[in-house]
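**Q**
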Amino acid sequence: MTTREAEIRRHVSESYTKAVTTPGSSCCGGMQPAQKGVAVKSAGYGPELGELPPDAVENSFGCGNPLAFSEVREGDTVVDLGSGAGIDLLIAAKRTGPTGRVIGVDMTDAMIDRARANIAAAGLAAFVEVRQGYIEALPLESGTVDWVISNCVINLSPEKEKVFAEIARVLRPGGRMLVSDIVVESLPEELRRNQALYNSCIAGAISEADYLAGLRRAGLTDVQVRSRHVYDEMQLESLIESEIVDPAEKKRAGGCCGPSCCGGSGDVDVARLARRSAGQVASISVHARKA
Ligand SMILES: C[S@@+](CC[C@H](N)C(=O)[O-])C[C@H]1O[C@@H](n2cnc3c(N)ncnc32)[C@H](O)[C@@H]1O
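The opening position of the sequence shown corresponds to residue 12 in our numbering, with each subsequent residue numbered one higher.
#1: Roughly how many angstroms separate the alpha carbons of ALA67 and ILE98, rounded to a whole number?
#2: Please confirm whether GLY95 has its beta-carbon closer than 7 Å to some beta-carbon of chain C.
#3: Could you please give the first and the last residue of the uninterrupted alpha helix (DSSP H) stretch that includes VAL113?
#4: In three-state DSSP terms, what is ASP280?
#5: Could you tell me the boundaries of the beta strand (DSSP E) in which ALA293 lies?
#6: Helix, strand or coil: how does DSSP classify ILE19 here?
#7: Ignoring anything shorter than 4 residues or poking outside the region 155 to 209, list the alpha helix (DSSP H) runs there in chain order.
#8: Are the region 138 to 151 and the region 194 to 203 in contact at 8 Å, needing three or more beta carbon pairs?
#9: So the alpha helix (DSSP H) THR107 belongs to, where does it begin and stop?
#10: Which of the three DSSP states, helix, strand or coil, is assigned to PRO239?
#11: Would DSSP call GLY233 helix, strand or coil?
#12: Starting from ASP124 and walking both ways along the alpha helix (DSSP H), at which residues does that stretch end?
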């Protein structure tokens, strides 16, 4: 890992620590906490949310519902990459039942604490756990997993090829992956360099074609997009605005990429950037299988 990649990872972890410990902070998809419930529902979750500890729902930072497209069965072993506060762990547990196992992996201590509290509150600690670790080096044995799921996390990795290789390693033959994530076809350079937008799952995202090619290169088969939601100009504008038009982040954007690329004063023309990026950013659900 390069120094720059380590720095990105540190920023991401700090951002999610803040997101889960500070009221009013933004999250993946640019939603404020008051909007999170709405975001979660529109992300494809159903009535199952009513059965979960409210804290798991309120601290959901995903961009889809990977389990909606999976066929997780009783007794399966499910691993959630970047499990956050645990929403998808709890839903997966309802499908696997106590004869299965559900394992979350996350790098951020505050998120792990939150997920463990939510697992305990749901009474599922006997077969649901969270491990501290990186999705680029999963703390799991090879060939032991029936389903890898993930919700809006792989875009945050500066080493996506390693993540794809790890998915292929931990799946057992016939095991499958269903991941919801953000893909970006092209993005203005000033947005690509913005760490706040990286933390929000946009600036680090790769194109759909590169995503699918990366999974195939890792040796996975049946690689298909099962759903796709392309963000329109208005959705992008509110996302960019919530992430960049914050004095602290604006300053940081000017500081990290230098005044010249941020328009001299650090000002960002949000409407123009949203117009230029409309149709380029999508949330997808991707399926793959280990032969
Ligand atoms: C956008 S949030 C999604 C959380 C959860 N999947 C959900 O839907 O609410 C990203 C999560 O991934 C974790 N994460 C990001 N990069 C990671 C990495 N390289 N290794 C492990 N965890 C990571 C963060 O700590 C954070 O909890």
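Just so it is clear, CB atoms sit at the ideal spot from N, CA and C, and this is done for glycine as well. Computed from a predicted structure; not experimentally measured.
**A** According to the structure shown:
#1: ALA67 and ILE98 have their C-alpha atoms roughly 5 Å apart.
#2: Although the question refers to chain C, the structure presented lacks it and comprises just one protein chain.
#3: Counting along the chain, VAL113 falls outside any alpha helix (DSSP H), though it belongs to the beta strand (DSSP E) covering 112 to 117.
#4: Note: ASP280 maps to coil in three-state DSSP.
#5: Per DSSP, ALA293 belongs to the beta strand (DSSP E) from 292 to 300.
#6: ILE19: helix per DSSP, three-state reduction.
#7: Note on the region 155 to 209: whole alpha helix (DSSP H) runs with a minimum of 4 residues are 171 to 181, 200 to 203, in chain order.
#8: No, they do not touch.
#9: It spans 98 to 107 - the alpha helix (DSSP H) in which THR107 sits, taken as one unbroken run.
#10: Just to set this straight, residue 239 is Arg in the shown sequence, not Pro. When DSSP states are grouped into helix, strand and coil, ARG239 belongs to the strand group.
#11: The sequence shown places Asp at residue 233, not Gly. If DSSP states are grouped into helix, strand and coil, ASP233 belongs with the strands.
#12: Per DSSP, ASP124 belongs to the alpha helix (DSSP H) from 120 to 132.
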